[in-house]
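J.: Starting off with a structure, shown below.
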Amino acid sequence: EVAEAIHEAFTMADDERSRRMERMRGRIRERDSEWWVEAFLGAARGEGPAEGSGPLETFTPRAPAGFF
């Protein structure tokens with residue numbers, strides 16, 4: 002799986018690579034160290050999750066064949 006992901010990254014079209022990088026940069030700009038501190042402290046105070054702290058996208062991990 003890692004080799005496949007690396008191959009996909011190296012062979013990805015330039016426009017797709019740019020789109021993914023912009024998404025990642027946007028997340029980094031929005032969720033800086035101050036955001037994380039407030040999210041953790043708010044959770045410690047029992048205030049619930051920070052606004053926008055839900056999952057970024059649905060992720061379903063793949064188990065290797067014969068794992069289960």
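One rule links them: number in my numbering = place in the sequence shown (from 1) + 1.
Beta carbons are placed, not taken as given, at the ideal position from N, Cα and C, and that holds for glycine.
Quick caveat: nothing in here was measured; it's all calculated off a predicted structure.
(1) Just how far apart, CA to CA, sit Gly-49 and Met-13?
(2) Go ahead and pull the three-state DSSP assignment for Arg-26.
(3) Please confirm whether Arg-63 and Glu-2 have their CB atoms less than 9 Å apart.
(4) Tell me where the alpha helix (DSSP H) around Gly-47 begins and ends.
(5) Which residue comes first and which comes last in the alpha helix (DSSP H) that contains Glu-2?
(6) With DSSP as the reference, label Asp-33 as helix, strand or coil.
T.: The answer reads as follows:
(1) Against the sequence shown, residue 49 aligns to sequence position 48. Against the sequence shown, residue 13 aligns to sequence position 12. Rounded to the nearest angstrom, the gap between the Cα atoms of Gly-49 and Met-13 is 39 Å.
(2) As a position in the sequence shown, residue 26 is number 25, starting the count at 1. Helix, per DSSP.
(3) On the sequence shown, position 62 is the one that residue 63 refers to. On the sequence shown, position 1 is the one that residue 2 refers to. Yes, the pair counts as a contact, with Cβ atoms nearer than the cut-off.
(4) Stepping through the sequence shown from its first residue, residue 47 is reached at position 46. Gly-47 -> no alpha helix (DSSP H), and no H or E assigned at all.
(5) As a working note, residue 2 is residue 1 in the sequence shown. Counting along the chain, Glu-2 falls outside any alpha helix (DSSP H), and DSSP gives it neither H nor E.
(6) Looking up residue 33 in the sequence shown gives position 32. DSSP places Asp-33 in coil when its eight states are reduced to three.
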